[in-house]
Amino acid sequence: MIDSIASLSLKCQNCGAPLNIAQQMERITCGYCGSEQIIQRSGAEVSLKIVGDAIAKVQFGVDKSASELAIKRLQAKLQSDTAEWQRCRNQATVAAGIRGFPHAAACCSGVVGLVLYQINSRIFSILGLITMIVSAAAFVYFDIVSGAEKAKKLEIMDENFKFKAEDIQDQLNHHERIVAKR
Ligand SMILES: [Zn+2]
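One gets our numbering by counting positions in the sequence shown from 1 and adding 6 to each.
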């Protein structure tokens with residue numbers, strides 16, 4: 007997340023793949039189609055320009071072996087992105103499962119209430135009972151809050167992955183069309 011501030015994502019001028027441009031970079035070779043591009047900067051604006059002439063652009067469209075390589079690369083990427091998404095999802099589920107400080111505090115005050123309740127005095131017993139009820143209510147409340155947080159986190163994760171997977175699938179389809187042509 008932090009390096010997205012330092013780097014910038016632009017589309018490859020040849021195939022449209024997303025390319026991450028680091029701050030000091032002057033040139034980049036697209037990992038999808040292999041075309042080399044110059045990074046042009048004017049003020050805050052950053053753009054890409056393909057090195058060489060239009061012939062390279064035409065060649066890309068019909069280069070079957072380049073597309074075959076790209077398909078392998080994209081399939082591997084889709085697979086590793088899927089695995090990463092699953093891993094993050096599991097992690098978020100585990101993290102949400104560990105009750106945080108509010109839960110621990112509610113448990114502690116519940117125990118305090120139980121201790122008070124045991125004291126052989128009407129006032130302390132009532133006080134203990136109230137403390138236990140309030141603690142239980144707090145525990146349930148925090149449980150609902152953390153549950154909602156988890157659901158939101160997972161939703162964002164799924165959405166991001168969906169976008170990424172669709173983007174890769176678009177590129178895969180493009181290359182598969184080229185391979186199927188001949
Ligand atoms: Zn490209």
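The beta-carbon is built from N, C-alpha and C at its ideal position, and this holds for glycine as well.
Computed from a prediction, not measured in an experiment: that's the story for all the values here.
Residues bridged to Asn160 (per DSSP): In the sequence as displayed, the identity of residue 160 is Leu instead of Asn. For Leu160, DSSP records no beta bridge to any residue.
Three-state class that DSSP yields for Gln30 in the structure shown: The DSSP-derived three-state label of Gln30 is coil.
Residues of its chain near Ala144, where Cβ-Cβ distance is below 6 Å and the 5 sequence neighbours each way are ignored: Only Ala112 meet the Cβ criterion.
Extent of the continuous alpha helix (DSSP H) to which Val117 belongs: 107-124
Distance between beta carbons of Leu80 and Ile174, contact taken as under 8 Å: 6 Å
Contact set for Glu182: own chain, Cβ-Cβ below 7 Å, skip 5 residues either direction: Ile77
As assigned by DSSP and simplified to three states, the class of Ile127: Correcting the residue identity first, residue 127 is Ser in this sequence and not Ile. Secondary structure of Ser127 (DSSP, three-state): coil.
Exposure label - Ile125; buried when at least 16 CB within 10 Å: exposed
beta-carbon Ala98 near ligand 1 non-hydrogen atom, thresh 6 Å: No; taking the cut-off as 6 Å, the Cβ of Ala98 has no heavy atom of ligand 1 nearer than that.
Whole beta strand (DSSP E) elements within the stretch 37-98, 3-residue minimum: 42-48, 51-56
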